[in-house]
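Beneath this line is the structure, given in structure tokens, with notes to follow.
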Amino acid sequence: MDTITAQIQNLAANADEAARKKLLDTLRNLQYSIETPHDTLQRFAGLHLQITAARIGVDLGIFDAIQESKDPISVETLALKTNAAPELLGMNIHFPKTLKISSLTSQGRILRYLASVGQIKETSKGHFSSSSTAPFLADKNYQGGIHHFFDTVGPVLQQLPDFLAETKYQDITDNSKTALQPAFNTDLPGFIWFPNQPQRFGYFQQVMTVQRAGAVTWLSAFPFRQELGEFQQKPVFVDIGGGFGHQCILVKETFPELSGKLVLQDLPQTLEHVAKIDGVEIVVHNFFEPQVIKEAKFYYLRNILHDWPDDKAVIILKNLIPALGPDSRILIDDMVLPNENVHWQAAQLDLTMMSALGSKERTEEQWRSLIDAAGLKILKIIPYTMLLNESIIMVVPK
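Counting with full-length UniProt numbering, you get residues 1 to 398 for the letters of the sequence shown.
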């Protein structure tokens, strides 16, 4: 078994990103194929617990403390650092009388669970250190992701079975009538309710900054310079709903010689957290209103349209048309799902978008129908990731 493990680790170390993910999927499918029904049920039983324990670890600062320590850290030291007050002793260790036993016992139980699922590593009795997973769990942006998926996505998915039963298992296409509304006792659509929840929205913005950390970028496949041609005088790139400006920064760093202006657009509650970016104009804009930047070369929408049902997505696209010049191109950066054998991560995201926002990940046929309804047409579709089929859809008026 050790030999097989070493071979797999060697394969992963020498693989590119696509091959590494393919290896992960192969191993996952292998696990499923050799599970007994009891194994599968136990896996299902623990799905909630893994992110629950990670959230507790984040809240207590366990991952931070372990990363800050050069040596394996003891339960008693962690108890002093976190000031936790749990219940039952998880391991038989003698502690100084000055420490509250109650604050050490649950620590032991939490720590041993975190170690059992690889979030940290147990090095000896009562001592723990970092694992391959722990460093990112100590990263504030990934910690924001733990909070987002536990605090906001989790309650929506918990509500989904009852919501579907009550609606007689109809497709969810109205963003004001999703599982999010009963989950959070609101009548507001998700993207109106969400930005008015500062803490939740802050966690979401954090995880968006690392959503594709280390992944292949769209500029690896899209011929930006070739499509740009001699277009230099007017705005070159408008990132619509661009969050913290990471795509503007990517374009600027990839093509430092660009003389045309780069523009970042988003709502004020997002842009108030964005530091000044050299060479990028920051403009407050709601994409449900007509586009204010005229005759730019590229109007870029990254993971915007998958947030909205078709009727709202059509409005977003139509609002761009009056601003388009003869050389303008709309670039939609989203998944284009295959008609069969959709990757589990894409299918997972599609159901999550449906549950919370009444939106979807779309197939090529669905994209063509949507874009046609907006009075536009597709010039080309350029995939840039293999498994998720993330693509640039280049669009112009009919």
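Think of the CB as a built atom: it goes at the ideal place given N, C-alpha and C, for glycine as much as any other residue.
ILE304 has its alpha-carbon roughly 15 angstroms from the corresponding atom of GLN366. Under the DSSP assignment, LEU387 falls outside any alpha helix (DSSP H); it carries neither an H nor an E label.
A residue is called buried when at least 16 other Cβ atoms come within 10 angstroms of its Cβ; HIS285 meets this threshold and is buried. With fewer than 16 other Cβ atoms inside 10 Å of its own Cβ, PRO198 counts as exposed.
Sixteen is the threshold: when 16 or more other Cβ atoms of the shown chains lie within 10 Å of the Cβ of ASP64, as they do, the residue is buried. By the Cβ-count criterion, GLN170 is exposed, with fewer than 16 other Cβ atoms from all chains shown falling within 10 Å of its own Cβ.
Taking a contact to require three or more Cβ pairs closer than 8 angstroms, the region 170-184 and the region 122-129 do not qualify as touching. Residue pairing by DSSP places HIS127 opposite SER74, SER124 in a beta bridge. Taking the C-beta atoms as reference points, LEU301 is found nearer than 8 angstroms to ILE332. Judged by DSSP secondary structure, LEU250 falls within the alpha helix (DSSP H) whose first and last residues are 246-254. Assigned with DSSP and collapsed to three states, MET335 falls in strand.
Taking a cut-off of 8 angstroms on C-beta distances, the region 157-172 does not touch the region 225-241, as fewer than three cross pairs fall below it.
For the options ILE282, PHE222, GLN233, LEU370, the alpha carbon positioned closest to that of ILE249 is the one of ILE282. Looking at the DSSP output, ASP239 bridges to LEU264, TYR300.
For VAL153, no alpha helix (DSSP H) segment is defined, and its DSSP state is neither H nor E. Bounds of any beta strand (DSSP E) do not take in VAL314; it lies within the alpha helix (DSSP H) bounded by 310-318.
PRO326 carries a coil assignment under DSSP once its states are collapsed to helix, strand and coil.
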